[in-house]
Structure formats: C-alpha cells, structure tokens
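Let me begin by presenting the structure, written as structure tokens, before commenting on it.
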Amino acid sequence: MSKKSTSHVQTPTNQSPSGGASPWLHRPVVDLVVGCGAWSGPLLLAAYWLGTTSTVGLSIAFYALALAFNYPHYMATLHRAYSTRDDFTKYRIFTVHLTALTLLTMILAHLSPRTLPWIFTLYVTWSPWHYTGQNFGLAMMFARRSGATPGRAERHALYAAFVASYLLLFLGFHTGASDDRLVLSLGLPPLFSRGVQVVLFYVFVVAGGWALFRLSRQVGWRQILAPLVLLSTQFLWFVLPAMLTVIYGAQLPQTRYSTGVLAIMHAAQYMWITSYYARREAQQQGNGAASWSPWVYFGTLVIGGIVLFVPGPWLISYVLRYDYAASFLIFTAVINIHHFMLDGAIWKLRDGRIAALLIGARGGSSSVPAHATNETGAPLGRLTRWAQWLTGPSAGAARLRVSFVVVLLVVALLDQARFYLGIDGSRPENLARAAAINPNDAILQVRIANALGRNGETERKIASLERAVAINPYYFEPRNALAELLLQNKRYDQAYAQYQQMLAHVSPNANALVNHGLLAAQFGDESAAVDSWRRAIETDPTRITARLYLAEALYRRGQMKEAIPHYEQGLALLAAGQGPESLDPGTATSATLKLAGAYARTNNTERALALYEQIIEVAEKSGEKAHLSFALVNAADVYAAHGQTDRARQFYRRALALDASAGDARAEGADWFNYGQFLRRNNSPGRLVLACFLKAEDILKGKPEAVAGLETVAKVRREFETSLGAEASAVRRDFQSVAEEARRP
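Residue 651 in the working numbering sits at position 652 of the sequence shown, with consecutive numbering throughout.
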C-alpha cells in the first residue's frame, strides 16, 4: 500500500467489514506480528547475529526466501491490477503504458550498461519510501477500523512523522561518497546532513507521539495498538539505524532496504494485506469465503513471481551471452520501480470499493462488480479469447498450465542450486559446478579467480579474470583485480593496456588512477599520467600518493606554483594521518625536500630555509645521511643566492664531511662540484676551486650511474683549468690535500 492511501478518505464506521467490532483483519497475533511488524526487533537481531556467524548461510537463506516472499509480493500487485478486465481498464495508464515503458527501460538498460547505476540508485532510494508509504497507509487503516476518526491535524502529524523517518534515512544514504559502485550518492556534506537528521528525529518523536495521543483520546490506547506498533516498526526500520550513523559516523548501506530481512518482512506484510483484500473481494462478489483458497492464491503469486524474476535473466544470459548478474540486477531494479508506481495507483482508500473492503466505509464505486467485463459489447480480442481459454476448464489448457508450472519450478530450483554452489568462494569444486550451469556470470568468475589465487595458481587466476572482463566489460572489480595482478607480476605492458581499457569502460577508483598514472609515466606519456593523478585527487581528495606524484610531475615540468599546493596538502594529510595510505618516513622527507626546493625557486626564501632547517634537524636525529646531505647542500645554495656567504660555506662543509661516510659517490661528487662553483662565484682562490672540481671528477670516475654528471664536471674543470694557467699543474699534483684545505674552516 502506498502513502496515497489516505487521501480524501471517507470517515468509516467503527465496524469491521464483516460487521463485528474487531479491528483485526485475520487474527490479532498475525496482524500485529506480520501486518504491523512486531517481529522486527527479534528478526533484525537474529539477522545481525547470523550475519556475523555465517554470511554465506544467511545469503543462501535470503535467496531461497525470495521465492516465497519477495517475488510473490510483486506478483500480488500485478494480480490486483490485471486479474479483472475492470481493474485492467481502470488503471490502463499503468497496466498498459507504464508496463510498455518498463519493458523499454529494461531493453535500454541491457543495451547501455552505464545506465544501471542510475536505475539501481532510483530503486534502492525509492524502496524505503515504498515501505514507509505502506506502513503509514496501514496505520491509518487500523485507526479507522478501531473506530477513531483522525482529523486533518492528526493525519498530517502522523504523516509528518513517517516522512521524517524516511528523510532521516535518505540523508544517511546520500551523505558523502558512496561505497557501492551501483549506488550513486548526492554527496551531501556530513555536517549539514547530521544537523538536519537531528531535527527530523525530533519531528518523528513529537509529531508521531502527538498524533497517537490524540487518537488515544478518542478510542483509548488499547484500540490504537496497531498504529502504535507500526510507528515503532518505522522507528526500528528507519529512525534507529539513521541515528546510529549520526552518533557513530557509520554509513548506511542502501541495499539493506532492498535485500535481506527488511525486504522479507515488507513482502510478508504486503501479502498479508493483499490476501485479506482478495478474500474480501471474493466474498463481495457473492462467491463466499469457501470459493477463495489461500493456497491457490499464494501458489499463483509464487508462480507469477518466478515468471517475473527467474527466466528473463537466464534466457538473456544464455542466448545473448550477457552477464547473468547484471541482467538480474536490471530485472530487479526495473520490476521494483514498476511495482512502486503501480502500487501507488491501486491502493487508495478514497476509492470507495477499496474502502469498503478494507475499512468498511461505503463508497460510490463499491457497487461496481470486480468482474465486470466488456461493457460496450465490443467483440473480445484474439489475445483476450486466448487468455480466457488458457485460464478455462478445458483439459488442453489444464495440461498446458501444469507443464508451464513444472518448467518454471525446475528453472527456479536450478537457479537456487546455481546460487548455492556459487556463493561460497572457499569451495572451488562447487564454484566450478555453478559455472557449468551458467558460465556467463562475471561475479562467479571473480570468485573462481579468488579461489585460484589462494591456491597460488596465478596463470589460471588471470585467465578467469579475463573471462569475467569478457563477460562484462563494464564490471569494475574484475578489471581492477586483473590490472593489479598483472602489475604485481611485473607484466607492465599488459597492465598498462588493461588500465587504458578500464578508463574507456568504467569509472576507476583513485587507486586505479594512481597506478595508471605511474604506468603512463613509465611508458613516457607524462600528460596522461598527470591527467590520471588529477582525476585520482578529484575522486578521493585524501589520496596522498596521487598528490605527491602529481606534485613531482609538475616539479619536473618547472611548474612550481602548481606543484606547491599538492605537496603541501599531501604532506598535511600525511601528518594528520587522514589519508587511506601509510607512507614510509623517507618518502615524506623526499617530498618535503622537493617542497622546500619549490619554495626556493619561487623566491619564497623564508619558507624554503625553514623547511630545510626542519629536515636537517630531523635527519640528524634519525641518522638519515642522504637526506641530511641533500638538505644541507640545498640550504647552502639558498643562503648563497641571497648573499649569506658564511652561512652557505658552513652548510657546504657540513655536507662534504657527511658525504665522506655516506657511501653515495654520485651525491658526494655532485656536492664537491657545487662547492667548487660556490667558491668560484665568491672569488675564492682559483687553486681551491680547481681542487674541488678535480676531487668531484675523481669520485665520479668509473661510476656508471654518474656518466652524465662526470661529463659536465670534466667540461667545466677543463675550461677553468685553462684559465688558471701554470698554477693548475701544481694543484693537479696534490689536489686531494688542496681540496681538504678548501673544505676546512
């Protein structure tokens, strides 16, 4: 039932439809437990406990229960709208036009998989609103059956409470980024959402409490027990989970309201009310209660539910080699959305016939028989005649119906068997059996790949992930797992190709974008690398490595002003421990050195020197000689550039003394060369300058990693040696001692 159920409702008497004083539909216990949700607390606790002890077992149980509850409850809506020609005609815009639109949407979703997250998000966002509308409609129905006459104020207050409970959940769903790739989020700011949720909590408590208090003044608390239980059910389903997220900061998974125990309880509640309506409708038509069989009704719903959900994905998967899991999700989302809209149209208490059957009110349309057909006398169409024959008493029709039911039950059992075999990733033999039943299932192939990986079968795992990608190119998980596995096994060209295909088909996460950037840089496409790292930061602003890699690339390009904020933000996140990554201290120090260098090259001398001094202090304590030497030399360069010659000379000498024990020939040679250039710029004796160049050249000789640096040093040394004249020969003979003289204070 939908929230529209109470619009313009006529005031009922305090008699039940059967003429007695009882407000109950079936029996008090059944009505309270199933219809009003009194079993919510125990079932939610049981589901939570089972979820912590046996996730696989719980999944199998819920998948099996879907045959008995979830699928049939959708069929109950169709049974209500399509069972008679009168209802079919009355709701024609929904039974014909909306159904055609639904089928078209289903086709388009299969042709364009990128639309699935949008459709699925609409489904899981609408689903709790559908539950809310049903609970509110039942609360108003029970209030009237109990003899209360809710006025506008009471009705609006109770409605406000139910709406507030839904909005509490809606804000929880759409705050921040979504963790589920199938579910989109509005990305509302947490501070805004939490504040509004607190206000909505008080609206729920005050408005709901006031409405029930006013109703109790009319008929007493005992008579409004059912509305009270329904409001408490709404609290357990919506308000309590939402407030727990406000208090503890956890994010609500949207899919918990479309799968699991809540979906089972809602479906049971739906069939509870529709079965009562169907029985009363049979009585109104004069057939008597004996003509209506709950077993026939329930059997019809079960078979119809199977028709809706099971054969379609299987046929599409087998015939078109389409991903079974994706097809099943499309069917689930689209059928649910159709159900929500159709349900909102057919359950309205302002409809006199519905009011007469549910609350005993007399309405103008209640005299119209439900089985009225073909009022215009127009000849029945061919499709109608065929439908009448199929549902008629002939032996041929009966055999066809039985055969159809048997085939459907076999397909349903096969579907259950495939799910049972394929859900437990720790049993590879069962996964193989499930794949034999239906190989076109990307999720199943991922589970097989994970099982192979645990057994160390890397090549077979890669093959299974490749099959998953081939089945569903738009499924992120196997693509990402395959790319990471290739990367781990140093198949860089294959990994790079996989990441490039990923960008063309799906929206990668921040980690995938970082990896793509690294590989792009490795293969010489720095522009693609920079673009990937920028996208990674947009996807996850707390991704430290993306900021530091981007800053490094900009630094190499000489774009210091653009590099600085990324260095700053990355290091700030690292210091605060806010990012999802933990980096070794050496990486942080290297980034800090680059940031100091960027400050220096943008003439922010004060900040550059402050960072260098900070690094020097930390490196001296930790014994990190390489970083200490680098910081000393670069700080010396900054001091020298700004005329602080004595300070610069002091730092150069400290670095050279450190280099002698560090064991890094390339760094030591570079530092002697830079020191010589410093002495040259400051008009120091030429013999000291040449000795520094000769010392640098001597250190770099024979070091393959220093070939380029050696050529530069040798060229400068030759030019300077020529300018020095005869004195150069004496220096060359004893350059080691002269260099030490240059280094000493």
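C-beta: ideal position from N, C-alpha, C; glycine also. Predicted model, so just to flag it, every value in this text is computed and none were measured.
Task: DSSP state of L230 mapped onto helix, strand, coil - done: Note: L230 maps to helix in three-state DSSP.
TODO: Grab me the residues of Q415's own chain with a C-beta within less than 8 angstroms of its C-beta, minus the 5 sequence neighbours each way, in chain order.
DONE: Y62, A63, L66
Open item on the list: Would C35 and V228 qualify as a contact pair, given that the criterion is a beta-carbon distance under 7 angstroms?
Closed with: yes
Open item on the list: Between which residues of its own chain and D539 is the CB-CB distance below 7 angstroms, once the five residues before and five after are set aside?
Closed with: A509, listed in sequence order.
Open item on the list: Relative to the C-alpha of G622, which candidate in T644, R648, G585, V513 has its C-alpha closest?
Closed with: G585
Open item on the list: At the level of alpha carbons, what is the spacing between I334 and Y73?
Closed with: 8 angstroms
Open item on the list: What does the alpha-carbon distance come out to for the pair H129 and A587?
Closed with: 51 angstroms
TODO: Reducing DSSP to helix, strand and coil, say where L187 ends up.
DONE: strand
- [ ] Specify whether the region 166 to 185 and the region 119 to 128 touch according to this definition: at least 3 beta carbon pairs, one from each stretch, less than 8 angstroms apart.
- [x] yes
Task: Bridge-paired residues (DSSP) for T604 - done: Among the bridge pairs identified by DSSP, T604 is matched with none.
- [ ] To the nearest angstrom, report how far apart L655 and A713 are at their CA atoms.
- [x] Straight-line measurement puts the Cα of A713 at about 20 angstroms from the Cα of L655.
Task: T273 in three-state terms, based on DSSP - done: helix
TODO: Using beta-carbon positions only, say whether L49 and L57 come within less than 7 angstroms of one another.
DONE: yes
- [ ] Report yes if the CB atom of M182 is closer than 7 angstroms to the CB atom of T120, and no otherwise.
- [x] Residue identity differs from the one stated: residue 182 is Val in this sequence, not Met. A contact, by the Cβ cut-off of 7 angstroms.
Task: A630 versus C691: straight-line alpha-carbon distance, rounded - done: 20 angstroms
TODO: Mind listing, in chain order, the continuous alpha helix (DSSP H) runs of no fewer than 4 residues lying wholly within the region 635 to 712?
DONE: 644 to 661, 664 to 680, 685 to 699
Open item on the list: According to DSSP, is T120 part of a helix, a strand, or is it coil?
Closed with: helix
- [ ] Take every Cβ of the region 724 to 731, pair it with every Cβ of the region 675 to 691, and state whether three or more of those distances are shorter than 8 angstroms.
- [x] yes
TODO: Would you kindly work out how many angstroms separate the C-alpha atoms of R646 and A634, rounded to a whole number?
DONE: The alpha-carbon atoms of R646 and A634 are separated by roughly 9 angstroms.
Open item on the list: According to DSSP, is T83 part of a helix, a strand, or is it coil?
Closed with: coil
TODO: If I'm right that L570 touches L594 with Cβ under 8 angstroms, what's the distance once you round it to whole angstroms?
DONE: 7 angstroms
- [ ] Output the distance between the C-alpha atoms of A482 and P112, rounded to the nearest integer angstrom.
- [x] 21 angstroms
- [ ] Answer with buried or exposed for Y474, where buried requires no fewer than 16 other C-beta atoms within 10 angstroms of its C-beta.
- [x] Here Y474 is buried. Its C-beta has 16 or more other C-beta atoms within 10 Å.
Open item on the list: For the region 209 to 222 against the region 152 to 163, do three or more pairs of beta-carbon atoms, one drawn from each stretch, fall closer than 8 angstroms, so that the two count as touching?
Closed with: Output reads yes: the region 152 to 163 touches the region 209 to 222.
Task: Element boundaries [alpha helix (DSSP H), containing N510] - done: 509 to 521
Task: Span separating the alpha-carbon of H338 from that of T76 - done: Distance from the CA atom of H338 to the CA atom of T76, rounded to whole angstroms, is 7 angstroms.
TODO: Classify Y201 as buried or exposed, calling it buried when 16 or more other Cβ atoms lie within 10 Å of its own Cβ.
DONE: Under this definition Y201 is an exposed residue.
Open item on the list: What does the alpha-carbon distance come out to for the pair W671 and V468?
Closed with: 56 angstroms
- [ ] Decide if the region 522 to 539 is in contact with the region 495 to 509; the criterion is three or more beta carbon pairs, one per stretch, under 8 angstroms apart.
- [x] yes
Task: T174, DSSP secondary structure in three states - done: strand
Open item on the list: Can you check which of these residues, L166, W23, I442, E612, is closest to V755 by C-alpha distance?
Closed with: Given that the chain is displayed from residue 0 to residue 744, the structure contains no residue 755 and the question cannot be resolved.
Task: 7 angstroms Cβ cutoff met for G662 and I698 - done: no
Open item on the list: Strictly under 7 angstroms for the Cβ-Cβ distance: is P112 near chain D by that measure?
Closed with: Among the protein chains of the structure shown there is no chain D, as only one such chain exists.
TODO: Would you kindly work out how many angstroms separate the C-alpha atoms of F93 and L341, rounded to a whole number?
DONE: 6 angstroms
TODO: Please confirm whether G421 and A435 have their CB atoms less than 7 angstroms apart.
DONE: no
Task: Cβ shell of F418 (< 6 angstroms), same chain only, five flanking positions each side left out - done: Counting only Cβ-Cβ distances below 6 angstroms, and skipping sequence neighbours, we find Y62.
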